[in-house]
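A.B. asks: Sharing a structure with you now.
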Amino acid sequence: MLVLTGQGAPVYGILHRSRAMTGQSDFFRLQFRGYAQAEGHEWQPFTGDDAHFHATQNCAWVRVDHPSRSVTFGPRGGITASEAFHGTGLATYLFGLTISWVKGIYPDYTVNPGLITLSSTVTEEERLQRNAFYASRGFNLSGRMQTNAAPCFFRIRSTSS
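In terms of my numbering, the sequence shown opens at residue 1 and continues consecutively.
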């Protein structure tokens with residue numbers, strides 16, 4: 001069970017973790033689905049898409065390639081939260097957990113460039129928060145990351161720099 005706060009009202013959901021391993025690769029995925037949300041003094045269960053796990057929204061994954069000693073974060077289009085979970089920090093939370101997982105198990109693997117999903121209405125404060133989030137986790141930001149241009153690529157900092 002995971003509790004998020006969106007617009008002051010708590011949102012309860014279920015966080016599902018899964019992992020698959022072969023000799024060539026390792027795959028770790030997190031998926032979130034809504035369970036219930038407070039509306040006034042009543043709890044309303046989530047229905048429809050927000051009550052189900054998805055492969056493209058409300059999820060994050062990392063694929064580890066052992067022969068190349070590299071990792072790729074996904075989904076390809078970036079981690080996005082469905083409309084019901086916007087403003088709760090869900091996408092950042094999921095990405096942070098996948099980063100922590102891969103750094104804990106494969107700290108010496110390189111990170112393949114990936115896309116970062118950006119809203120067309122990113123404010124200067126949101127842009128600075130986003131940049132600080134990536135920098136605090138060891139990512140260098142491409143030149144396009146410094147502006148509101150999208151899509152943007154990222155790469156992990158070398159441990160020797």
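Backbone N, C-alpha and C define an ideal beta-carbon position, used for all residues, glycine too.
1) Can you name, in chain order, every residue of its own chain whose Cβ lies under 7 Å from the Cβ of Y106, other than the five neighbours on each side?
2) Which runs of the beta strand (DSSP E) at least 3 residues long sit entirely within the region 91-136? Give them in chain order.
3) So, at 6 Å on beta carbons, what are the nonlocal neighbours of F95 in its own chain, with the 5 sequence-adjacent residues on each side left out?
4) Taking all protein chains shown into account, decide if L128 is buried (16 or more other Cβ within 10 angstroms of its Cβ) or exposed.
5) Keeping to the same chain, check which residues put their C-beta closer than 6 Å to that of F27; ignore five residues upstream and five downstream.
6) Could you tell me if Q44 is buried or exposed, where buried requires 16 or more neighbouring beta carbons within 10 angstroms of its beta carbon?
7) State the start and end residues of the unbroken beta strand (DSSP E) segment that holds Q44.
C.D. replies: For this structure:
1) Numbered from 1 along the sequence shown, position 106 holds the residue referred to as residue 106. Contacts found: V64 and V71.
2) Listed in chain order, they are 114-116.
3) One-based indexing of the sequence shown puts residue 95 at position 95. Taking F95 as the centre and dropping the five residues before and after it, the same chain places the C-beta of A60 and I79 closer than 6 Å to its C-beta, in chain order.
4) The residue given as residue 128 occupies position 128 in the sequence shown. By the 10 Å Cβ count, L128 comes out exposed.
5) Translated into the one-based positions of the sequence shown, residue 27 becomes position 27. Counting only Cβ-Cβ distances below 6 Å, and skipping sequence neighbours, we find A20 and R63.
6) Taking the first residue of the sequence shown as position 1, residue 44 is located at position 44. Exposed: under 16 other Cβ atoms inside 10 Å.
7) The residue given as residue 44 occupies position 44 in the sequence shown. Counting along the chain, the beta strand (DSSP E) containing Q44 begins and ends at E42 to P45.
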